[in-house]
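According to my numbering, the sequence shown is numbered sequentially starting from 247. Cβ coordinates follow ideal geometry from the N, Cα and C atoms, glycine included. These figures come from a predicted structure and were not determined experimentally.
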Amino acid sequence: QVQLVESGGGLVQPGGSLRLSCAASGSIFSFYFMGWYRQAPGNQRELVAGISSGGTTNYPDSVKGRFTISRDNAKNTVDLQMNSLKPEDTAVYYCKARSFGGDSWGQGTQVTVSS
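So, in C-alpha cells, the structure goes:
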C-alpha cells in the first residue's frame with residue numbers, strides 16, 4: 247500500500263496563504279481520485295478539494311475560489327494551495343488517495359489560522 251506524507255502546515259494569520267504538499271511513496275498514476283480533507287476538533291472529516299486522474303477538480307462552497315488542488319503524476323505529489331485563509335479553516339488536513347484496491351490516508355498536518 248502506498249504511503250502518503252503531508253507537509254506544509256503551520257500557523258498563519260487570517261488572510262494569509264499556505265501550500266500543503268502530499269508526497270506518495272509510489273506512483274500515483276493508478277489513483278483515480280486524490281483529495282485533501284480536514285477535520286477540526288468536534289467535527290467530522292470533510293472534503294476540501296478533490297482531483298481525478300483526468301484533472302477534474304471539485305471543491306465545497308466553503309473553499310471555492312480560495313483553495314486550489316493540483317497533482318503531478320511525474321513527481322507523485324498532490325498539492326493544496328490555500329489563499330485568503332480564515333480562522334474557520336483551522337484543522338488537521340489529510341491527504342487521501344483512492345484506487346480500485348481501496349483508500350490510503352496520510353497522517354495529517356495541522357493548519358492554524360489565527361492572529
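Exercise for the section: Could you tell me the boundaries of the beta strand (DSSP E) in which Thr-302 lies? Expected result: First-last for Thr-302: undefined, no H or E at that position.
Handout entry: As assigned by DSSP and simplified to three states, the class of Asp-307
Key = Residue state, collapsed to three classes: coil.
Practice task
Check the Cβ-Cβ distances between Ile-297 and every residue of chain D, and say whether any is below 8 angstroms.
Solution key: Checking the listed chains, one finds no chain D in this structure; it contains a single protein chain.
Practice task
State the beta-bridge partners of Asp-318 as determined by DSSP.
Solution key: Within the DSSP bridge table, the entry for Asp-318 names Thr-323 as partners.
Problem - Contacts around Pro-306, its chain only, beta-carbon distance under 8 angstroms, and the 5 residues preceding and following it disregarded - result: Here the set comprises Glu-292, Leu-293, Val-294.
Problem - Nearest-angstrom Cα separation, counted from Lys-342 out to Asp-349 - result: It is roughly 7 angstroms from the alpha-carbon of Asp-349 to the alpha-carbon of Lys-342.
Handout entry: Beta-carbon gap between Val-338 and Gly-352 smaller than 8 angstroms
Key = Result no, Cβ atoms of Val-338 and Gly-352 do not sit closer than 8 angstroms.
Problem - Phe-277: first and last residue of the uninterrupted beta strand (DSSP E) it sits in - result: Here Phe-277 belongs to no beta strand (DSSP E), and DSSP marks it neither H nor E.
Exercise for the section: Return the CA-CA distance between Glu-252 and Ile-315, expressed in angstroms with no decimal places. Expected result: The straight-line gap from Cα to Cα measures roughly 14 angstroms.
Practice task
With hydrogens ignored, establish whether the beta-carbon of Gly-255 is closer than 7 angstroms to any heavy atom of the ligand ADP.
Solution key: What this structure holds is no ligand at all, so the ligand ADP is not there to describe.
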